Amino acid sequence: MHSGRKDASWKRAIRFMFHTMFHVKTSANWLRFLSGNSVLANSTTEATFFDRIHRPFFDKRSNTRQRTQLLLAHFDILTHILDAKQLQSVMSGSGINLASLIGKTGEVIDVNLTRFPDFDKEGGASLELTVDGKTILLLTFTLTRKYNNIALTIGGIQSREHAQTDCRTLLRDATHALHGIQPRILMIETLRSIAQQLACNTIECVNENNHIYRALRYRNKRVIHAQYNQLWLLVGGIEMTNGNFSIPSFVEEKSIESRPSKKRNEYRNRATLLHSVRTQVCEVIPPFSLINKNTNAAATVKIDAIFSNTTIEAL
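Take the sequence shown: its letter number 7 is residue -6 in my numbering, and every next letter is one higher.
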């Protein structure tokens, strides 16, 4: 078994060298960026982390140059949003808490910012929803840049499997605990709160037909059960010319008075819960103006140089 792991490691190394030979410039940019950030380089032990630009990412149609742009932007922005300790926690998978809530019947609900290597193909980070310490749902996203502004992409939103418990039952119970808010809607609203803090107007959501597991190499290995397109439309999404969806970073809520009188108390509880999430997110994620102020000149030159001649295009 030890010999098998060694063989797999050698094969991975050979593939990495082979891909690097054909994409010298992009590979050099990626490795140079990682080597210049000790937290990123030291906070993950997966061998596959360093060859991520050579593997599928976000959209099955993306090429090496586009993947490199997305990943460089994501981790550069992440290092400016989080301090070194927070960044290490996210990269290691232990995560940081964005919001803590008490459910309808006393459940402890947490929304965390973390990273799961199993979902690295869908995005650079994940929002994790837990109820009483059990992970219920993950929304995987990427921080990037588009037309010199921060943008977000959502590459996946999936429930977590648990032994002896059906995931549908867990989601139904979580919805009840959240006063009727669907867990997936709560996750999107949390991401919207992050987007607003970063002055981000663009959230691009992958079309289920463009999901990386729709690629030929994964077609017989992974099955996508979630109906992404229906979800994007439900939250105000519009299909873009590239086939993916764009959802607004902010949606004005209806007034409590406009709701049916019998349900106003429930909607009031929902509004209170969402307000709490947004308030707590703002305490963890600094506003865009502060990020700009804290970004040193060297980092500014570095990221501008990366994107000055290679603006991220629609995938």
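The beta-carbon is built from N, C-alpha and C at its ideal position, and this holds for glycine as well. Keep in mind that this is a model prediction, so the values were computed, not measured.
Original post:
So, is residue 274 buried or exposed, given that buried needs 16 or more other C-beta atoms within 10 angstroms?
Top reply: exposed
**OP:** Would you mind working out which of 43, 216, 165 sits nearest residue 253, comparing C-alpha positions?
**Re:** 165
Subject >> Three CB pairs or more closer than 8 Å across the region 179 to 197 and the region 140 to 150 >> reply: yes
**OP:** Provide the residue span of the alpha helix (DSSP H) that contains residue 128, from first to last.
**Re:** First-last for residue 128: 121 to 133, but that is the beta strand (DSSP E), not the alpha helix (DSSP H).
Original post:
Cα separation between residue 195 and residue 222?
Top reply: 15 Å
Original post:
Which word fits residue 237, buried or exposed, when buried means at least 16 other C-beta atoms lie within 10 angstroms of its C-beta?
Top reply: exposed
Original post:
What is the rounded straight-line gap between the Cα of residue 83 and the Cα of residue 272?
Top reply: 11 Å
Original post:
Taking the continuous alpha helix (DSSP H) assigned at residue 180, which residues delimit it?
Top reply: 170 to 184
**OP:** Report buried or exposed for residue 29, applying the criterion of at least 16 other Cβ atoms within 10 angstroms of its Cβ.
**Re:** exposed
Original post:
Would DSSP call residue 112 helix, strand or coil?
Top reply: strand
**OP:** May I have the straight-line CA-CA distance separating residue 95 from residue 118, to the nearest angstrom?
**Re:** 6 Å
**OP:** Taking all protein chains shown into account, decide if residue 135 is buried (16 or more other Cβ within 10 angstroms of its Cβ) or exposed.
**Re:** exposed
Original post:
With distances taken from CA atoms, which of 161, 162, 171 is nearest residue 145?
Top reply: 171
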